[in-house]
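Here the protein sequences line up with chains W and E, keeping their order. At position 275 of the first sequence (counting the first as 1) the number is 362 in our numbering, and the numbers step up by one without a gap. At position 109 of the second sequence (counting the first as 1) the number is 196 in our numbering, and the numbers step up by one without a gap. Down below is the structure, laid out as structure tokens.
Number of protein chains: 2
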Amino acid sequence: MALIVHKYGGTSMGSTERIRSVAKRVAKWMRAGHQMVVVPSAMSGETNRLLGLARELSPELPGAATLRELDMIASTGEQVSVGLLAIALQAEGLEAVSYAGWQVPIRTDSSFTKARIQSIDDTRVRADLAAGRVVVITGFQGVDGDGHITTLGRGGSDTSAVAVAAALKADECLIYTDVDGVYTTDPRIVPEARRLATISFEEMLEMASLGSKVLQIRSVEFAGKYRVPLRVLSSFTDWNIDITEEARSGTLITFEEDEKMEQAVVSGIAFNRDEAKVSVLGVPDKPGIASSILGPVADANIDVDVIIQNVAHDGKTDFSFTVHRNDYARTVELLKTQVVPAVGARDVSGDARICKVSIVGIGMRSHVGVASRMFRTLSEEGINIQMITTSEIKTSVVIDEKYMELAVRALHRAFDLDQPAG
Amino acid sequence: MALIVHKYGGTSMGSTERIRSVAKRVAKWMRAGHQMVVVPSAMSGETNRLLGLARELSPELPGAATLRELDMIASTGEQVSVGLLAIALQAEGLEAVSYAGWQVPIRTDSSFTKARIQSIDDTRVRADLAAGRVVVITGFQGVDGDGHITTLGRGGSDTSAVAVAAALKADECLIYTDVDGVYTTDPRIVPEARRLATISFEEMLEMASLGSKVLQIRSVEFAGKYRVPLRVLSSFTDWNIDITEEARSGTLITFEEDEKMEQAVVSGIAFNRDEAKVSVLGVPDKPGIASSILGPVADANIDVDVIIQNVAHDGKTDFSFTVHRNDYARTVELLKTQVVPAVGARDVSGDARICKVSIVGIGMRSHVGVASRMFRTLSEEGINIQMITTSEIKTSVVIDEKYMELAVRALHRAFDLDQPAG
Chain W
88 MALIVHKYGG TSMGSTERIR SVAKRVAKWM RAGHQMVVVP SAMSGETNRL
138 LGLARELSPE LPGAATLREL DMIASTGEQV SVGLLAIALQ AEGLEAVSYA
188 GWQVPIRTDS SFTKARIQSI DDTRVRADLA AGRVVVITGF QGVDGDGHIT
238 TLGRGGSDTS AVAVAAALKA DECLIYTDVD GVYTTDPRIV PEARRLATIS
288 FEEMLEMASL GSKVLQIRSV EFAGKYRVPL RVLSSFTDWN IDITEEARSG
338 TLITFEEDEK MEQAVVSGIA FNRDEAKVSV LGVPDKPGIA SSILGPVADA
388 NIDVDVIIQN VAHDGKTDFS FTVHRNDYAR TVELLKTQVV PAVGARDVSG
438 DARICKVSIV GIGMRSHVGV ASRMFRTLSE EGINIQMITT SEIKTSVVID
488 EKYMELAVRA LHRAFDLDQP AG
Chain E
88 MALIVHKYGG TSMGSTERIR SVAKRVAKWM RAGHQMVVVP SAMSGETNRL
138 LGLARELSPE LPGAATLREL DMIASTGEQV SVGLLAIALQ AEGLEAVSYA
188 GWQVPIRTDS SFTKARIQSI DDTRVRADLA AGRVVVITGF QGVDGDGHIT
238 TLGRGGSDTS AVAVAAALKA DECLIYTDVD GVYTTDPRIV PEARRLATIS
288 FEEMLEMASL GSKVLQIRSV EFAGKYRVPL RVLSSFTDWN IDITEEARSG
338 TLITFEEDEK MEQAVVSGIA FNRDEAKVSV LGVPDKPGIA SSILGPVADA
388 NIDVDVIIQN VAHDGKTDFS FTVHRNDYAR TVELLKTQVV PAVGARDVSG
438 DARICKVSIV GIGMRSHVGV ASRMFRTLSE EGINIQMITT SEIKTSVVID
488 EKYMELAVRA LHRAFDLDQP AG
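As structure tokens, this is what we get:
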């Protein structure tokens with residue numbers, strides 16, 4: 088008997104018909120002798136509907152008191168889901184009980200709309216499991232030290248599921264979603280993309296942070312921290328698929344570096360076209376430049392991703408970084424009016440039509456020449472590289488947006504990702 | 088400075104536009120120097136939508152575990168309302184904070200879907216009021232001793248508001264609804280019906296229990312028990328109506344028997360066409376008959392209203408009672424198959440096309456002949472009385488449904504209810 092946590096996304100919970108399928112799938116696992124905890128998202132569209140009502144009443148940027156109320160409102164989507172799923176499980180003849188985050192309780196800090204989980208009390212859930220009940224817990228939310236409802240931000244239900252699995256020391260956490268696993272790259276761009284049977288935690292972390300939207304990045308961090316075996320699989324297979332087969336489907340995120348993974352130098356290609364690049368040109372090269380430029384940007388609540396500062400010539404350097412495309416105009420304006428005069432720079436340039444393409448692979452650690460093979464491949468396709476950043480297990484380049492598909496396909500081929508792993 | 092509780096029904100909260108009007112009205116009271124607590128219902132239609140989803144998943148009669156989940160689901164309607172109203176109040180420039188029942192906490196027993204309030208902790212709310220905040224509290228719900236969410240049943244938000252007002256020893260509880268007060272009878276039946284400026288608590292209790300749907304009966308009981316000054320008024324007046332005028336509008340439910348009330352013998356005419364009558368005929372007249380007949384009815388969860396047993400002739404009697412019209416067929420079936428054979432009765436008869444008409448007035452206590460004037464009035468209209476019950480301040484008759492309007496109009500005239508109170 089294992090303790091299994093299932094997480095179902097909003098699409099899987101999108102109608103009473105689909106909720107019934109989820110219940111049948113959970114019942115199958117229960118009848119196979121497992122203890123089951125289920126973390127469902129809100130029904131698809133519900134969170135947007137609720138926040139839309141709130142926005143009609145408060146068109147301005149919300150202050151702290153309003154953020155608290157947004158969490159009060161948005162958290163109800165998942166509360167409805169857990170109640171409905173518990174009823175569907177009862178209709179399948181199982182004992183089931185639902186809990187909102189505050190009932191478990193799942194304790195978080197007080198950062199409304201983007202809270203972080205601090206601790207989970209497993210007493211109540213364990214008692215229910217011991218009594219043979221399926222326990223259904225709201226994703227996306229918790230309660231702070233003063234008894235206020237908090238939410239974890241978009242995609243937070245993945246994090247909830249992994250955190251619950253960690254607290255319960257679950258044998259596995261299965262994330263049911265609308266894709267059947269993690270792919271070498273997006274199959275809509277590269278039809279030859281293959282599903283990975285396993286991916287290392289660190290690779291998954293890079294894939295998630297680089298824009299592969301299968302799992303929320305914080306859930307991967309959590310899984311890594313607490314070593315929760317995590318599997319991404321499809322909720323759109325028949326609920327009555329053979330359970331052994333289902334338990335081995337999808338992509339397993341592992342913490343052991345086994346031989347097979349050592350052989351694959353690059354596991355996947357991630358890409359992201361939500362970014363824009365800006366450069367502050369002719370900046371006097373002296374200590375404190377980076378913070379004089381990025382300080383005002385951070386103060387304006389603009390997130391920065393890639394940051395590049397190259398060696399100076401003639402006492403001047405160019406300082407470049409990328410921001411979300413939605414923040415592009417605001418960033419350029421801020422740099423021109425505040426930063427350029429303050430630091431004595433020459434000008435600001437920028438481009439919103441860029442994309443970031445990354446190769447990710449734990450094997451890069453021990454293989455030299457991986458980055459240069461990437462650069463050569465792009466060069467052979469005539470693609471100019473505008474920016475480069477690297478980490479231990481990934482190399483990212485910023486290129487013109489129009490070359491994105493070409494670059495991803497060429498890299499996928501160059502690293503043999505269309506071939507079954509050796 | 089007074090402490091005022093406002094309660095708004097689902098229609099008043101039916102859209103963001105209406106929620107904005109509620110916020111403006113509350114802000115007006117706040118700016119007039121009062122401390123404000125607001126208890127809103129769910130947006131109209133929301134509770135039905137949520138319970139409809141649950142019903143799709145559990146078509147059978149729900150067991151206890153499912154009732155718990157129904158409360159989990161249904162309680163979210165009010166939680167959304169309090170969050171939205173708090174945001175609307177903030178948009179009006181006020182400080183506002185919302186609480187779900189469990190956050191106050193409002194403690195109830197564990198009777199899911201029909202819980203009763205046991206206690207309310209006012210510490211948190213008082214601290215917010217002292218800090219100058221409007222406090223918005225969910226109606227309809229609370230939390231039991233084990234931390235399960237409970238709901239109070241339909242119309243429970245009235246009860247929540249009165250209970251909160253009692254706990255806070257509020258100066259007045261204003262129930263904003265879609266009518267502008269309590270009338271001598273339903274103006275759709277009798278156009279001459281007058282709005283009562285005041286009504287005694289006991290009369291209001293009878294009017295509520297007899298089918299006058301202005302206030303939920305448990306809220307009136309609560310107001311009586313804790314002597315909460317209660318006012319029913321309209322939320323469809325302009326929000327910026329003069330506050331002194333608004334504070335005196337609607338109908339005040341009072342606990343003092345003042346002179347004016349002594350003069351009005353009958354305050355109102357209530358009626359109810361949701362009932363059906365059944366009779367068990369030729370019942371052997373011996374001790375225990377009532378319980379042998381009504382025991383199985385109660386066991387089948389059928390609520391009984393009027394009960395009549397007249398003196399016996401030749402050792403046999405007829406035993407009659409009324410049930411909700413929806414339970415009529417089930418009751419007749421139950422009586423025929425189980426009760427008649429068990430008690431040795433002759434037969435069962437019944438009629439679903441009846442109505443109950445009642446005159447209510449605290450003055451009936453000290454005035455003789457009120458009931459006989461009622462019977463004479465009906466007789467003069469040629470209306471046959473099928474059943475009669477009386478209490479200290481009301482007399483009810485069951486008549487053929489088709490005479491309902493005629494009876495209500497005749498009684499309204501006979502007791503001078505169309506004349507302004509002397």
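Even glycine gets a Cβ: it sits at the ideal position worked out from N, Cα and C.
Quiz item: Between which two residues does the beta strand (DSSP E) harbouring Gln506 (chain E) extend?
Solution: Numbered from 1 along the second sequence, position 419 holds the residue referred to as residue 506 (chain E). Where Gln506 (chain E) is concerned, there is no enclosing beta strand (DSSP E), given that its DSSP letter is neither H nor E.
Self-check item: Selection of the segment 430–450 of chain W by Cβ proximity to chain E, strictly under 8 Å
Solution: Taken residue by residue, none of the segment 430–450 of chain W has a beta-carbon sitting less than 8 Å from a beta-carbon on chain E.
Quiz item: Quick one: is Ala432 (chain W) buried, meaning 16 or more other Cβ sit within 10 Å of its Cβ, or exposed?
Solution: By 1-based counting over the first sequence, the position of residue 432 (chain W) is 345. It counts as buried.
Quiz item: Taking Cβ to Cβ, would you say Ile236 (chain E) is nearer than 7 Å to Ser162 (chain E)?
Solution: Start at 1 with the first residue of the second sequence, and residue 236 (chain E) comes out as number 149. Start at 1 with the first residue of the second sequence, and residue 162 (chain E) comes out as number 75. Yes, they are a contact pair.
Quiz prompt | beta strand (DSSP E) segment containing Gln205 (chain W), residue limits | solution = Here residue 205 (chain W) refers to the residue found at position 118 when the first sequence is read from its first residue. Looking at the DSSP string, the run of the beta strand (DSSP E) that includes Gln205 (chain W) is 204–207.
Practice problem: Would you be able to state if there are at least three C-beta pairs under 8 Å between the segment 212–225 of chain W and the segment 112–129 of chain W? | Solution: Output reads yes: the segment 212–225 of chain W touches the segment 112–129 of chain W.
Exercise. Round the Cβ separation of Gly229 (chain E) and Ala202 (chain E) to the nearest angstrom and send it over; I've been treating them as touching at under 8 Å.
Key: For this step, residue 229 (chain E) is matched to residue 142 along the second sequence. For this step, residue 202 (chain E) is matched to residue 115 along the second sequence. Separation of the CB atoms of Gly229 (chain E) and Ala202 (chain E) is rounded to 6 Å, and the pair is thereby assigned contact status at 8 Å.
Self-check item: DSSP state of Met123 (chain W) mapped onto helix, strand, coil
Solution: Position 36 of the first sequence, counted from the start, is the residue given in the question as residue 123 (chain W). In the three-state DSSP reduction, Met123 (chain W) falls in the strand class (E or B).
Practice problem: Please say whether Leu421 (chain E) and Ala385 (chain E) have beta carbons closer to each other than 7 Å? | Solution: Counted from its first residue, the second sequence places residue 385 (chain E) at position 298. Counted from its first residue, the second sequence places residue 421 (chain E) at position 334. It is not a contact, given that the beta carbons lie outside the stated cut-off.
Exercise. Could you give the DSSP three-state label for Leu255 (chain W): helix, strand or coil?
Key: Translated into positions along the first sequence, residue 255 (chain W) becomes position 168. Coil, per DSSP.
Quiz item: Are the Cβ atoms of Asp267 (chain W) and Gly337 (chain W) separated by less than 7 Å?
Solution: Within the first sequence, residue 267 (chain W) is the residue found at index 180, counting from 1. Within the first sequence, residue 337 (chain W) is the residue found at index 250, counting from 1. Yes, they are a contact pair.
Quiz item: How about Ser198 (chain W): is its C-beta nearer than 7 Å to some C-beta of chain E?
Solution: Taking the first sequence and counting its residues from 1, one reaches residue 198 (chain W) at position 111. Not a single C-beta of chain E is nearer than 7 Å to the C-beta of Ser198 (chain W).
Quiz item: Of all the residues that make up the segment 173–184 of chain W, which are near chain E by a beta-carbon distance shorter than 8 Å?
Solution: Those would be Ala173, Ile174, Ala175, Gln177, Ala178, Glu182, Ala183, Val184, in chain order.
Practice problem: Run down chain W in chain order and give the residues with a C-beta less than 8 Å from the C-beta of Ala141 (chain E). | Solution: As a first step, residue 141 (chain E) is located in the second sequence; it is residue number 54 there, counting from the start. Within chain W, the residues near Ala141 (chain E) are Gly170, Leu171, Ile174.
Self-check item: Phe288 (chain E) versus Ile193 (chain E) - alpha carbon distance
Solution: Indexing the second sequence from 1 puts residue 288 (chain E) at position 201. Indexing the second sequence from 1 puts residue 193 (chain E) at position 106. C-alpha separation (whole angstroms): 24 Å.
Practice problem: Could you name the residues of the same chain whose beta carbon sits closer than 7 Å to that of Ile106 (chain E), not counting the 5 residues immediately before and after it, in chain order? | Solution: Looking up residue 106 (chain E) in the second sequence gives position 19. Hits under 7 Å: Met100, Leu171, Leu172, Ala175.
Self-check item: Interface flag, Glu488 (chain W) vs chain E, CB-CB below 7 Å
Solution: Position 401 of the first sequence, counted from the start, is the residue given in the question as residue 488 (chain W). False, the Cβ-Cβ gap to chain E never drops below 7 Å.
Quiz prompt | Identity of the residues DSSP links to Asp487 (chain W) by a beta bridge | solution = Taking the first residue of the first sequence as position 1, residue 487 (chain W) is located at position 400. Bridge pairing for Asp487 (chain W): W:Ile441 [DSSP].
Practice problem: For Met88 (chain W), count neighbouring C-beta atoms within 10 Å of its own C-beta (all shown protein chains included) and say buried if the count is 16 or more, exposed if not. | Solution: For this step, residue 88 (chain W) is matched to residue 1 along the first sequence. Within a 10 Å sphere around the beta-carbon of Met88 (chain W) sit fewer than 16 other beta-carbons, which makes this residue exposed.
Self-check item: Buried versus exposed, by CB contacts within 10 Å (16 or more), Met491 (chain W)
Solution: On the first sequence, position 404 is the one that residue 491 (chain W) refers to. Burial of Met491 (chain W) is indicated by the presence of at least 16 other C-beta atoms within 10 angstroms of its C-beta.
Quiz prompt | DSSP bridge partner residues for Ile395 (chain W) (one or two, in chain order) | solution = Locating residue 395 (chain W) in the first sequence gives position 308, counting from the first residue. By DSSP's assignment, Ile395 (chain W) forms a beta bridge with W:Ser407.
Quiz prompt | Beta-carbon gap between Gln177 (chain W) and Ala458 (chain E) smaller than 7 Å | solution = Here the question's residue 177 (chain W) lines up with position 90 in the first sequence. Here the question's residue 458 (chain E) lines up with position 371 in the second sequence. Cβ atoms of Gln177 (chain W) and Ala458 (chain E): not closer than 7 Å.
Quiz item: Taking the C-alpha atoms as reference points, what is the distance between Lys94 (chain E) and Ser407 (chain E)?
Solution: To locate residue 94 (chain E), count along the second sequence from 1; it is residue 7. To locate residue 407 (chain E), count along the second sequence from 1; it is residue 320. Spanning the alpha carbons of Lys94 (chain E) and Ser407 (chain E) requires a straight line of approximately 40 Å.
Exercise. For chain E, find out if any of its Cβ atoms is closer than 7 Å to the Cβ of Met348 (chain W); answer yes or no.
Key: For this step, residue 348 (chain W) is matched to residue 261 along the first sequence. With a pLDDT of only 47 at Met348 (chain W), under the threshold of 50, the placement of this residue in the model should not be trusted; the figure read from the coordinates follows. For Met348 (chain W), no CB of chain E lies under 7 Å from its own CB, so it is not counted at the interface with that chain.
Practice problem: Return the bridge partner residues of Met474 (chain W) from the DSSP annotation. | Solution: Looking up residue 474 (chain W) in the first sequence gives position 387. Met474 (chain W) pairs with W:Val485.
Quiz item: Between the segment 93–120 of chain W and chain E, which residues of the former have CB atoms less than 7 Å from a CB of the latter, in chain order?
Solution: Listed by position along the chain: Thr103, Ile106, Arg107.
Quiz item: Relative to the C-alpha of Gly243 (chain W), which residue among W:Ile356, W:Phe199, W:Thr271, W:Ile446 is closest?
Solution: Along the first sequence, read from residue 1 onward, the residue named residue 243 (chain W) stands at position 156. Nearest in C-alpha terms to Gly243 (chain W), of all of W:Ile356, W:Phe199, W:Thr271, W:Ile446, is W:Phe199.
Practice problem: Name the residue from E:Leu148, E:Ser168, E:Glu156, E:Trp116 whose alpha carbon lies nearest to the alpha carbon of Gly96 (chain E). | Solution: For this step, residue 96 (chain E) is matched to residue 9 along the second sequence. Comparing Cα positions, the closest option is E:Ser168.
Quiz prompt | Identity of the residue in W:Asp414, W:Leu283, W:Lys489 nearest Gly448 (chain W) by Cα | solution = One-based indexing of the first sequence puts residue 448 (chain W) at position 361. The shortest CA-to-CA distance from Gly448 (chain W) to any of W:Asp414, W:Leu283, W:Lys489 is the one to W:Leu283.
Practice problem: Scan the segment 151–162 of chain E for residues whose Cβ lies nearer than 9 Å to a Cβ of chain W and list them as they occur along the chain. | Solution: Taking 9 Å as the Cβ-Cβ cut-off against chain W, the residues of the segment 151–162 of chain E that qualify are Ala152, Thr153, Arg155, Glu156, Leu157, Asp158, Met159, Ile160, Ala161, Ser162.
Practice problem: Specify the secondary structure class of Phe358 (chain W) as computed by DSSP and reduced to three states. | Solution: Taking the first sequence and counting its residues from 1, the one referred to as residue 358 (chain W) is at position 271. In the three-state reduction of the DSSP assignment, Phe358 (chain W) falls in the strand class, which pools E and B.
Quiz item: Which residues of chain W have a Cβ atom closer than 9 Å to the Cβ of Ser145 (chain E), listed in chain order?
Solution: Residue 145 (chain E) sits at position 58 when you count from the first residue of the second sequence. Chain W residues near Ser145 (chain E): Ile174, Ala175, Gln177, Ala178.
Quiz item: DSSP state of Asp436 (chain E), grouped into three classes?
Solution: Taking the first residue of the second sequence as 1, we reach residue 436 (chain E) at position 349. It is Ser, not Asp, that sits at residue 436 (chain E) in the sequence shown. Strand.
Self-check item: Proximal chain E residues relative to Val221 (chain W), where beta-carbon distance stays under 8 Å
Solution: Along the first sequence, read from residue 1 onward, the residue named residue 221 (chain W) stands at position 134. Ordered by position in chain E, no residue passes the 8 Å Cβ test against Val221 (chain W), which lies about 11 Å from the chain.
Quiz item: Does the separation of the CB atoms of Asp454 (chain W) and Ile356 (chain W) fall below 7 Å?
Solution: Here residue 454 (chain W) is taken as the residue at index 367 of the first sequence, counted from 1. Here residue 356 (chain W) is taken as the residue at index 269 of the first sequence, counted from 1. Reading off the sequence shown, one finds His at residue 454 (chain W), where the question assumed Asp. Their beta carbons are not under 7 Å apart, which means His454 (chain W) does not touch Ile356 (chain W) by this criterion.
Exercise. Leaving aside the five residues before and after Ser131 (chain W) along the sequence, list all residues of the same chain whose C-beta is less than 6 Å from its C-beta, in chain order.
Key: Against the first sequence, residue 131 (chain W) aligns to sequence position 44. Cβ within range, chain order: Gly97, Thr98, Gly101.
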